[in-house]
Structures are given as structure tokens and as C-alpha cells.
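>
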Amino acid sequence: MEEDNPIKVGDVIKDYYKIIRCIAQDSDRMIFCALDTSMKQVAIKFELDTGEQTAVCIEAAILKILDDSRHIPQFYRYGIHLNYKFLAMELMGPNLILHSVLKFGIQAIETLQVVHSKGFVHRDIKPGNFLIGNSSNTSGILKLVDFELCKKIHKVDGIITKPTNKTNFRGSLMYASLNSHKLVELGRNDDLMSLLYILVEFHNGTLPWSDIDETVSSQSNLNNQNESQSKYLSRNTSCFNLLDVET
Numbered sequence: 001m002e003e004d005n006p007i008k009v010g011d012v013i014k015d016y017y018k019i020i021r022c023i024a025q026d027s028d029r030m031i032f033c034a035l036d037t038s039m040k041q042v043a044i045k046f047e048l049d050t051g052e053q054t055a056v057c058i059e060a061a062i063l064k065i066l067d068d069s070r071h072i073p074q075f076y077r078y079g080i081h082l083n084y085k086f087l088a089m090e091l092m093g094p095n096l097i098l099h100s101v102l103k104f105g106i107q108a109i110e111t112l113q114v115v116h117s118k119g120f121v122h123r124d125i126k127p128g129n130f131l132i133g134n135s136s137n138t139s140g141i142l143k144l145v146d147f148e149l150c151k152k153i154h155k156v157d158g159i160i161t162k163p164t165n166k167t168n169f170r171g172s173l174m175y176a177s178l179n180s181h182k183l184v185e186l187g188r189n190d191d192l193m194s195l196l197y198i199l200v201e202f203h204n205g206t207l208p209w210s211d212i213d214e215t216v217s218s219q220s221n222l223n224n225q226n227e228s229q230s231k232y233l234s235r236n237t238s239c240f241n242l243l244d245v246e247t
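Here full-length UniProt numbering is used: the first residue of the sequence shown is 1, the next is one more, and so on.
#1: In angstroms, rounded to a whole number, what distance separates the CA positions of isoleucine 58 and glutamate 148?
#2: Select from Asn204, Asn179, Tyr175 the residue whose C-alpha is nearest the C-alpha of asparagine 165.
#3: On a CA-only basis, which of Val115, Ile44, Asn137, Val121 is nearest alanine 88? Give me that one, please.
#4: Taking DSSP's pairing of strands, which residues face methionine 92 in a bridge?
#5: Of the residues Lys18, Asn5, Gly51, Leu112, which one's Cα is nearest the Cα of methionine 39?
#6: Hey, isoleucine 31 and cysteine 150: beta-carbon distance below 8 Å or not?
#7: Can you list, in chain order, the residues of its chain whose CB lies under 8 Å from that of aspartate 49, leaving out five sequence neighbours each side?
#8: Given that a residue counts as buried once 16 or more other Cβ atoms are within 10 Å of its Cβ, and exposed if not, what is residue 316?
#9: Counting pairs of Cβ atoms below 8 Å between the segment 102–115 and the segment 182–202, do you hit three or more?
#10: Do valine 101 and histidine 203 come within 8 Å of each other at the CB atom, strictly closer than that value?
What follows is the structure, encoded as C-alpha cells:
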């Protein structure tokens, strides 16, 4: 409940930002809209400071590296307020809607090209992580957000190597690639595969495995989705084969 939160509407953060409304919150993370000293609206993410590297910390570092791209939200400030780490960044507009699918596809590929060219794999490509700019200058521009699962691309002697190590599941169940279900470390091709699943869903209105219950993480459930994805890909090999060439 709001009265239990140490950060509230009306609070001033580091003499730079005044919080004006809550966008979203859960047990240990909050997102607010705030006004900066020039009265411009910004988004501020707060995450409980556990003394370890947090998701907000990781995202702030990634945003600073990618800050010169029009498809990435602008980084403003990172710091600590009370017992929370915070990230101030460009305020986005609403999530993407279906009628924007064609423009989305082109801009999403451009966006992933930027992330990959900087040496990162996003590892959580899903519709909710693509937002539209919120100002008159950015209203038609797609922005990719939430870099907390992002990872540096592995290289040996300057050459990108294909991931083979076993790891934990990464991504969102509905849009995760087969490699994610196989617990193989993800590469650039897995970001693209997740994007293709999104495009299929936007075009068809659903995915063949949409009946999988995302709240149930049993091995049986994952196996069912894995089988469904494998069957779908086997029927559409001409479209997907190119993605398995390299990571």
C-alpha cells in the first residue's frame, strides 16, 4: 500500500526530481513519473538497495553505453535515495499496439542491431519491452527498455563464439527461444527469434503455444512449449534457418 512506501508522490529526489505520480510498483521495485528542474517529465525506477548489484544498477550501466541511439531511452541520472537505488531516464509513452506492427518490425530490427553492435544480447525480448517515445520529437520512435537480463557477448581473441554452456532459464516464457528452454546461453540469434515470435503473434493474433500457462513453471509445461515451438519451426524452416548460422 502507498502509505507503507518510503517514496511517495510529492517527494523530491536529490534536489533534481519531484515525483508526481506512480506508474507501477511491486514489493521491491517502483516506477514513478517525476518533473526535473526544467519541468520536463522523466521516469524514475527505484529498487531496494541490497548492497549487491541490482537490476537497476545493471540497466543504468547499459543505458549509458547505448545512450547515443534514438531507439534506446535517454539516460539521465543514477544514484541512491533513502535505501533505494534509482535510475532517472526518458519517460516513454504507451506500449505498442497491433496496428503498428509493420513499423514496429523495421524499427525493432534496427534497435536490436544497435544493441548487438555494442556487444550485448538483451535476452528478454517481448512486446512489453518495446515502448513509443513520449515527446513530440520521439512520438513515432520505438524504444527498447529493461536491460536487467542483458549480457555481454562472449568473444575469444576478438571472435564471437557460439554459446554452448548450460545456464538458467532467461527471458519470458511465451517469447523465449528454444535455446532458452534448453538452458543454453543465449546469443544474438535468440533475440531475433523472440522478435520473430512477437511478429507472428501480432500478425496471427496468437502463438501456437499461447495456451501454455506462464504461471506454471513445471518441466512438463516447458517441454510442451518446447515441442510446440519445434513443430512450428519445422513447418517454417525457410524463414527461420538463417538465424541458426551464428550468434
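Every residue, glycine too, gets a C-beta built ideally from N, C-alpha and C.
Only a predicted model underlies this, so the values are computations on that prediction, with no experimental measurement involved.
Taking the geometry as given:
#1: 6 Å
#2: Asn179
#3: Ile44
#4: Gly133
#5: Lys18
#6: no
#7: Answer for aspartate 49: Ile80, Asn83, Tyr84, Lys85, listed in chain order.
#8: Absent from the structure is residue 316, since the part of the chain shown begins at 1 and ends at 247.
#9: Contact between the segment 102–115 and the segment 182–202 is present, because at least three Cβ pairs lie under 8 Å.
#10: yes
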